[in-house]
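Asks:
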């Protein structure tokens, strides 16, 4: 019985963290699916958000949750300007050039952080950082629960946005067929900028949610971006919900393997899982037909991101 | 022509020798990477796996089992080739970003293993290599000898790259890169050739890993298996000119000095500033020179008549 | 009998692209494969060439069973093909493109010479050192043809190689095809341009919704009422006759 309780506890903790993973990878998916850019700097967006949260906390006494209202717009601007400055000039180049440009961007942001804050680990100590909410035999960590709830809420919000608003539909249209969308009067370049902004904002919110429980340092983004990639492949770019579910899955996998194999090997498990999934289904689990090659931007445009 | 260049470059005093060695090692690694990244068109971002495996296998054999580095080198290359075959096979059906991500995953797996299999690999602390000079130990007293070793390595890989490109394999790999379906329809067994390219690239990268390890005399998981190492290889190849024979070589010759110069000029102000500038330059080069430097050279030089002369145009039967 | 296709079926999810197709081709023939869009013509080619395995049925080429073999194995055995969406190897030169094909049958030196011959047949030899990217669509189709020819196929599968060409370009392509046929290669071609097919094919096969609905000489087939209903339509029936040249 106790064993079962253990498993349940692990699952729940995993789900809580998974929510945030899901949100992060939704941001990545959005950019990848709509603009076709594999954004290696996505983790750095998260890192910047974490630092911003830290700043707001230390200098304004602002709780990370509240800082979301500041961090999200700032990250949106960061994402949008990244697209405008770095990617837009090379939209016509092969996609791997754009990906390498994002690598350059990630290096830039990492070193910027290094210059401003040095390599020390920083953290935010909120009053409720160690509070727990016991539900029966299960113990829930409050910051993580909050993180999960907010992440789920934002995901739901995004889902509604993409379905119900004109802009949302424009984004989906562009993801499915860039030329068709352009012919229908959609300003594709603006949509790219918009989706980059939203994607970065997602990473931003995730960052603000994570800071109570994680340290921030210049290269923290690398860890999260790899998880985000794993989630994107597992959950797939097929839909928002599947990306979120993928995040939950990875959260649980990580939690379980952390317990059974020790924290050293938990990363190993999801990397191996990642490779295994790609071995079975070369375009990830829930893809239908994906932007699966680095070809020039005029080719390979059949792609479904959101049904 | 290239050999001449190298000779000039290698006859330097000890102060430069280190720098030149590092430049030439990078050149060789980039050329090795180019076989998969450029010729076969598969952008691996996990090549550090081969680099690290070559290094770790031969160093472990030397330090723990007392086997001569020169022999361990062969073992290291062999291990890297096996890994290359394995990764090549598993990733056969993967395209574009998925291939790249899978290679990243492989390198990460190795990095985690290196950190955790402490008894074998020394864990995160790594392994120090005791200096025992001698040709068979691949270790030397003079700095300049390492520069020569690096130069020899770079030349070797460049040579192999050149032979490859003008051989049947070169044509086939390029065809696979351009359009795999079309290639298959004219009889090219694409899985076989892709795996072969992976093996060759891995073996040469592994060789670089071994030689480099005996120069630095220290190996640890981060410097052997990190994403940064992989990205560096890919970046240099890309900026030099992915898919060309000489591009990666010259890419290294330009980028490594650039990094050093930046570090020299800016490193004293704040840590990170030189990399920041490097990052900006990188973004600019990627934006303005999509074909890399070699691509630029090609476009400027290769026009009509000039190209004909250079390529010995001949529409007559031989 | 060079090629014999028996009971070939292929499903994609719920869509039955090919339903028990039977087809044959004798050495030296030029056979046209016609039918409305979506009838399964390219799928048929893809199955014959090994890009998809069939769900049912078999393909026998030159007395060897090639069902389910890989595309490169089939190329080795002597079937060449062109693609509907032309697949030029962009960053390589015209000559190199064709050499990729001719390398199948010889070493580098022979491949080069053979490639030049192929380029002569299709009329691209004066542009041998141009980058494939710089060619227009007409020349790319020729290049596609030359590359397939390079493998010295006994059977050549041409998928809409004349689509989008103007009448004089179609005529010269027909000439090239005839030339190839005279040199000993049998040809199976998918085409929509009926007068062109009428000009060159010994026989035609009509597919509709994955089934074969007619098989015979051009004249017989186009007077078959089923073909008229499914494909040609009334009224336009005589149009192709007037464009026929001998």
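Residue numbers (this note's numbering), protein chains in the order written: chain A, 224 to 530; chain B, 24 to 341; chain C, 2 to 247. Ideal Cβ placement from N, Cα and C applies to all residues, glycine included.
Where does residue 2 of chain B land, buried or exposed, given buried means 16+ other C-beta within 10 angstroms?
Replies: The structure shown does not extend to residue 2 of chain B, since chain B is modelled only from 24 to 341, so the question has no answer here.
Asks: Tell whether a beta-carbon distance below 8 Å holds between residue 70 of chain B and residue 228 of chain B.
Replies: Yes; because the gap between Cβ atoms is below 8 Å, this pair is in contact.
Asks: For residue 209 of chain B, which three-state DSSP category applies?
Replies: Coil.
Asks: For residue 124 of chain B, which residues in chain F fall below 7 Å Cβ to Cβ?
Replies: The structure shown contains no chain F; its protein chains are A, B and C.
Asks: List, in chain order, every chain C residue whose beta-carbon is nearer than 7 Å to that of residue 211 of chain B.
Replies: 73, listed in chain order.
Asks: How would you call residue 113 of chain C, buried or exposed, if buried means at least 16 neighbouring beta carbons within 10 angstroms?
Replies: Per the 10 Å Cβ criterion, buried.
Asks: For residue 503 of chain A, count neighbouring Cβ atoms within 10 angstroms of its own Cβ and tell me buried if that reaches 16, exposed if not.
Replies: It counts as exposed.
Asks: Work out the CA separation of residue 251 of chain B and residue 222 of chain B for me, nearest whole Å.
Replies: Rounded to the nearest angstrom, the two C-alpha atoms are 22 Å apart.
Asks: Hey, could you find the ends of the alpha helix (DSSP H) residue 174 of chain A is sitting in?
Replies: What is shown of chain A runs 224 to 530, which leaves residue 174 of chain A out entirely.
Asks: Determine the burial state of residue 251 of chain A: buried for a count of at least 16 other Cβ atoms within 10 Å of its Cβ, exposed for fewer.
Replies: Result: buried.
Asks: Closer than 8 Å, CB to CB, is residue 151 of chain C near chain B or not?
Replies: Closer than 8 Å to some Cβ of chain B, the Cβ of residue 151 of chain C qualifies, so yes.
Asks: Using the Cβ count rule (16 or more neighbours within 10 Å means buried), how would you classify residue 387 of chain A?
Replies: It counts as exposed.
Asks: Just verifying my parser: in three-state terms, what is the DSSP assignment at residue 302 of chain A?
Replies: Looking at residue 302 of chain A - three-state DSSP - the assignment turns out to be helix.
Asks: Starting from residue 20 of chain C, follow the beta strand (DSSP E) in both directions and report where the run begins and ends.
Replies: That run of the beta strand (DSSP E) goes 16–26.
Asks: Assign residue 12 of chain C to one of three DSSP states: helix, strand, or coil.
Replies: In this structure, residue 12 of chain C counts as strand in the three-state DSSP scheme.
Asks: Helix, strand or coil, according to DSSP, for residue 178 of chain C in the structure here?
Replies: The answer is helix: DSSP assigns residue 178 of chain C an H, G or I state.
Asks: Alpha carbons only, please: which of B:40, B:235 and B:55 is nearest the one belonging to residue 187 of chain B?
Replies: The residue with the shortest Cα to Cα distance from residue 187 of chain B is B:55.
Asks: If we define contact as Cβ-Cβ less than 8 Å, is residue 50 of chain C a contact residue for chain B?
Replies: Yes, residue 50 of chain C counts as interfacial toward chain B.
Asks: Please report the distance separating the alpha-carbon of residue 22 of chain C from that of residue 418 of chain A.
Replies: Using only the alpha carbons, I get a separation of about 48 Å.
Asks: Buried or exposed for residue 65 of chain C, please, with buried defined as at least 16 other CB atoms from any protein chain shown within 10 angstroms of its CB.
Replies: Residue 65 of chain C is exposed by the Cβ-count criterion.
Asks: State the DSSP-derived secondary structure class of residue 439 of chain A, mapped to helix, strand or coil.
Replies: Strand at residue 439 of chain A.
Asks: Compare the Cα-Cα distances from residue 391 of chain A to each of A:453, A:463 and A:371 and report the closest residue.
Replies: Nearest of A:453, A:463 and A:371 to residue 391 of chain A, Cα basis: A:463.
Asks: In three-state DSSP terms, what is residue 66 of chain C?
Replies: It is a strand residue.
Asks: CA-CA distance, residue 241 of chain A and residue 433 of chain A?
Replies: Cα-Cα distance, rounded: 11 Å.
Asks: Could you check whether residue 300 of chain A and residue 551 of chain A sit closer than 8 Å to each other, using their CB atoms as the reference points?
Replies: Outside the displayed span of chain A (224 to 530) sits residue 551 of chain A, for which this structure offers no information.
Asks: Could you tell me which uninterrupted alpha helix (DSSP H) segments, each at least 4 residues in length, are contained entirely in the segment 310–366 of chain A, listed from first to last along the chain?
Replies: Correct list: 318–340.
Asks: Quick check on DSSP: helix, strand or coil for residue 100 of chain B?
Replies: Residue state, collapsed to three classes: helix.
Asks: With a cut-off of 8 Å, does the C-beta of residue 165 of chain C fall near any C-beta of chain B?
Replies: False, the Cβ-Cβ gap to chain B never drops below 8 Å.
Asks: Any idea which residues DSSP pairs residue 157 of chain C with across the strands?
Replies: The partner list for residue 157 of chain C (beta bridge, DSSP) reads C:81 and C:188.
Asks: From what residue to what residue does the alpha helix (DSSP H) around residue 217 of chain C run?
Replies: Unbroken run through residue 217 of chain C is the beta strand (DSSP E), 212–217; no alpha helix (DSSP H).
Asks: Compute the Euclidean distance between the alpha carbons of residue 398 of chain A and residue 329 of chain A, then round it to the nearest angstrom.
Replies: Approximately 24 Å between the Cα atoms of the pair.
Asks: Using 8 Å as the Cβ pair cut-off and three pairs as the minimum, do the segment 202–211 of chain B and the segment 99–107 of chain B touch?
Replies: Judged by Cβ distances under 8 Å, the segment 202–211 of chain B makes no contact with the segment 99–107 of chain B, as fewer than three pairs qualify.
Asks: According to the Cβ coordinates, are residue 268 of chain A and residue 451 of chain A closer than 8 Å?
Replies: It is not a contact, given that the beta carbons lie outside the stated cut-off.
Asks: Closer than 8 Å, CB to CB, is residue 148 of chain C near chain B or not?
Replies: Yes, contact with chain B.
Asks: Check residue 107 of chain C in the structure and name its three-state DSSP category.
Replies: Coil at residue 107 of chain C, not helix or strand.
Asks: Taking CB distances under 8 Å as the criterion, tell me whether residue 65 of chain C reaches chain B.
Replies: No, its Cβ sits nowhere closer than 8 Å to a Cβ of chain B.
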